[in-house]
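**Student:**
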Amino acid sequence: MTSIGIVGTGNIAAGYLTDLRTYPGIEVLGGYDNDPAQSAAFGAAHDLPIYGSLDELLADDKVDMVVNLTPLSAHVPVTTAALRAGKHVFSEKPLAPTAAEARALIEEAAARGLRLGCAPFTYLGEAIQTAWKLVRDDAVGPIKLVYAEVNHDRIETWHPAPQGPYRAGPLFDVGVYSLTALTAMLGPARRVWAYGTILKPDRVTLSGEMFSPQAPDFSVVVLELAGGATVRLTANFYVGAGTRQSGIELHGERGSIHIADWTDFDSEIRAGLPPEPVPLLGDPYRGIPWGRGIAEFVAAMNEGRPHRCSAEHAAHIVDILTAAAHSQQSGTPVDVTSTFPPPLPMPWAA
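Numbering-wise, full-length UniProt numbering puts 251 at position 251 of the sequence shown, and it's gapless, one number per residue.
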């Protein structure tokens, strides 16, 4: 049995907790958040014990692993503290705000013989695994061009605490999903061009509080991948249901592969010329099983093999994000030199 402590009881914690409770061999012992009222409400709503402090959680010898669901600004200090307390860590994305901090976390984990993993895990889902199998099987020929659309709407219209995502910006907050899936399928990035701007400077929370984005709320990124593909990624916190552009398109010499939605594990996949529906591999999960990446991480620990959502891959994504930020400022392309061990497909999709 692997025992988990959750740090961060905000917007996504309920999804994680509910799904983690469905996996045999995993138990969630308790949670903690630096907002005592939020912690207490979360614990009461989900019948979960709440620790009085981060130190108390980390001092609990029964906790084998920490799931870090804090905002980006707390990822590094919380993950570092957990590793130094001898806990394995699975972090929400991105792994760290900067490349140097991401590498430092990897070194900390390695020095202590601990595992460090990181979301996103959506590429472990049936839809993207099916698309990836089509790529590996050369179903449409070598992939030369990719269009990825991340239209995440004006999140202040539904998110209870949108200031955090607007400090990070849509590229850091949700662009990472497509970046992680595409680099898993097609290999690491080698060059990045980016443009970003703030489309809507005046935002209002659900409670009526005014705030302004601290990062571009619209970004366009062009990537050259080591495998030869060129990717154009658009990410914004402005457009939602009003657009006809969505998902990911992979275009090859003999046809195209369309992933209708980069989040849903049962998203429709089409392939060919013209693209036609393709049956999904595995047992498609309707929506998002939030615990799947952690369950795979725990299974890898038990089986003595590398886990798929690796910190090295996550650090490469941070390299891409920071390169994009530099390119937005300089107006010039930025090279990326890092790489990562290529993840394996899920066994049922191999």
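Idealized CB from N, CA, C, for every residue including glycine.
#1: For the beta strand (DSSP E) containing residue 301, list its first residue and its last residue.
#2: Let me know the secondary structure DSSP gives residue 277 once reduced to three states.
#3: So, for residue 276: in the same chain, excluding its five sequence neighbours on each side, which residues have a beta-carbon less than 7 Å away from its beta-carbon?
#4: Between the beta-carbon of residue 173 and the beta-carbon of residue 165, is there less than 7 Å?
#5: For residue 258, write down the residues that DSSP places opposite it in a beta bridge.
#6: Since residue 176 and residue 249 are thought to touch, with beta carbons under 8 Å apart, how far apart are those beta carbons, to the nearest angstrom?
#7: Using CA atoms only, rank isn't needed, just tell me which of 324, 279 and 121 is closest to residue 232.
#8: Quick check for students: name the residue ranges of the alpha helix (DSSP H) that lie wholly in the UniProt domain "GFO/IDH/MocA-like oxidoreductase" (128-257), counting only runs of 4 or more.
#9: Using the beta-carbon count (16 or more within 10 Å), is residue 349 buried or exposed?
#10: For residue 16, report the span of its alpha helix (DSSP H) as first-last.
#11: Measure the beta-carbon distance from residue 320 to residue 336 and round it to whole angstroms, keeping in mind my assumption that it falls under 8 Å.
#12: Distance, Cα to Cα, residue 192 vs residue 179?
#13: Quick check on this structure: which residue in 254, 104 and 18 has the alpha carbon closest to the alpha carbon of residue 45?
#14: Classify residue 2 as helix, strand or coil using the three-state DSSP reduction.
#15: For residue 322, is the classification buried or exposed, using 16 other Cβ atoms within 10 angstroms of its Cβ as the cut-off for buried?
#16: May I have the straight-line CA-CA distance separating residue 81 from residue 88, to the nearest angstrom?
#17: State the start and end residues of the unbroken beta strand (DSSP E) segment that holds residue 91.
#18: Measuring CA to CA, which of 96, 171 and 133 is closest to residue 184?
#19: State whether the region 236-251 contacts the region 89-103, with contact taken as three or more CB pairs (one from each stretch) at a distance under 8 Å.
#20: Put residue 43 into one of helix, strand or coil per three-state DSSP.
#21: Tell me whether residue 32 sits in a helix, a strand or coil according to DSSP, three-state version.
#22: What's the C-alpha gap between residue 223 and residue 187?
#23: Please go through the same chain and pick out, in chain order, the residues whose beta-carbon is closer than 8 Å to the beta-carbon of residue 83, but skip the five residues on each side of it.
#24: By Cβ distance below 8 Å, which residues in the same chain neighbour residue 201 in space, the five residues on each side in sequence not counted?
#25: Identify whether residue 428 lies in helix, strand or coil by the three-state DSSP scheme.
#26: What does the alpha-carbon distance come out to for the pair residue 136 and residue 34?
#27: Express the C-alpha separation of residue 29 and residue 54 in angstroms, rounding to a whole number.
#28: From this set, 57, 150 and 75, which residue's C-alpha is nearest residue 314's C-alpha?
#29: Can you give me the C-alpha to C-alpha distance between residue 9 and residue 227, rounded to a whole angstrom?
**Tutor:** With the structure as the only source:
#1: Locating residue 301 in the sequence shown gives position 301, counting from the first residue. Run containing residue 301: none in the beta strand (DSSP E); it sits in the alpha helix (DSSP H), 292-303.
#2: Locating residue 277 in the sequence shown gives position 277, where the first residue counts as 1. Three-state result, residue 277: strand.
#3: By 1-based counting over the sequence shown, the position of residue 276 is 276. Answer for residue 276: 270, listed in chain order.
#4: For this step, residue 173 is matched to residue 173 along the sequence shown. For this step, residue 165 is matched to residue 165 along the sequence shown. It is a contact, given that the beta carbons lie within the stated cut-off.
#5: Stepping through the sequence shown from its first residue, residue 258 is reached at position 258. Paired residues: 249 and 270.
#6: Residue 176 sits at position 176 when you count from the first residue of the sequence shown. Residue 249 sits at position 249 when you count from the first residue of the sequence shown. Residue 176 to residue 249, Cβ: 19 Å. No contact.
#7: Residue numbering aside, residue 232 sits at position 232 when the sequence shown is read from its first letter. Per the Cα distances, 324.
#8: 163-168, 170-173 and 175-186
#9: Here residue 349 is taken as the residue at index 349 of the sequence shown, counted from 1. Result: buried.
#10: Mapped onto the sequence shown, residue 16 falls at position 16. Taken as a continuous stretch (DSSP letters only), the alpha helix (DSSP H) holding residue 16 covers 13-20.
#11: On the sequence shown, position 320 is the one that residue 320 refers to. On the sequence shown, position 336 is the one that residue 336 refers to. Rounded, the Cβ-Cβ distance is 6 Å, consistent with contact.
#12: Counting from 1 along the sequence shown, the entry for residue 192 is found at position 192. Counting from 1 along the sequence shown, the entry for residue 179 is found at position 179. About 12 Å.
#13: As a working note, residue 45 is residue 45 in the sequence shown. Looking at the Cα atoms, 18 is the closest of the given residues.
#14: Residue mapping note: residue 2 aligns to position 2 of the sequence shown, counting from 1. DSSP places residue 2 in strand when its eight states are reduced to three.
#15: On the sequence shown, residue 322 is found 322 positions in, with the first residue counted as 1. So residue 322 ends up on the buried side.
#16: Within the sequence shown, numbered from 1, the residue matching residue 81 stands at position 81. Within the sequence shown, numbered from 1, the residue matching residue 88 stands at position 88. Computed Cα separation, rounded: 11 Å.
#17: Locating residue 91 in the sequence shown gives position 91, where the first residue counts as 1. Following the DSSP letters along the chain, one finds residue 91 inside the beta strand (DSSP E) bounded by residues 88-91.
#18: Within the sequence shown, numbered from 1, the residue matching residue 184 stands at position 184. When each option's Cα is compared against that of residue 184, the closest is 133.
#19: no
#20: Working through the sequence shown from its first residue, we reach residue 43 at position 43. In this structure, residue 43 counts as helix in the three-state DSSP scheme.
#21: Locating residue 32 in the sequence shown gives position 32, counting from the first residue. It is a strand residue.
#22: Position 223 of the sequence shown, counted from the first residue, corresponds to residue 223. Position 187 of the sequence shown, counted from the first residue, corresponds to residue 187. The alpha-carbon atoms of residue 223 and residue 187 are separated by roughly 11 Å.
#23: Against the sequence shown, residue 83 aligns to sequence position 83. 89, 105, 108, 109, 112, 114 and 116, listed in sequence order.
#24: Along the sequence shown, read from residue 1 onward, the residue named residue 201 stands at position 201. If we look at residue 201 and ignore the five residues flanking it on each side, its Cβ neighbours are 212 and 213.
#25: Outside the shown range of the chain, which is 1 to 350, sits residue 428, and nothing can be said about it.
#26: Position 136 of the sequence shown, counted from the first residue, corresponds to residue 136. Position 34 of the sequence shown, counted from the first residue, corresponds to residue 34. Distance between the alpha carbons of residue 136 and residue 34: 45 Å.
#27: What you label residue 54 is simply residue 54 of the sequence shown in a count that begins at 1. What you label residue 29 is simply residue 29 of the sequence shown in a count that begins at 1. Spanning the alpha carbons of residue 54 and residue 29 requires a straight line of approximately 14 Å.
#28: Sequence index remark: in the sequence shown, residue 314 carries index 314 (1-based). Checking every option, the nearest Cα to that of residue 314 belongs to 75.
#29: Here residue 9 corresponds to residue number 9 of the sequence shown, with the count starting at 1. Here residue 227 corresponds to residue number 227 of the sequence shown, with the count starting at 1. One alpha carbon belongs to residue 9, the other to residue 227, and they sit about 39 Å apart.
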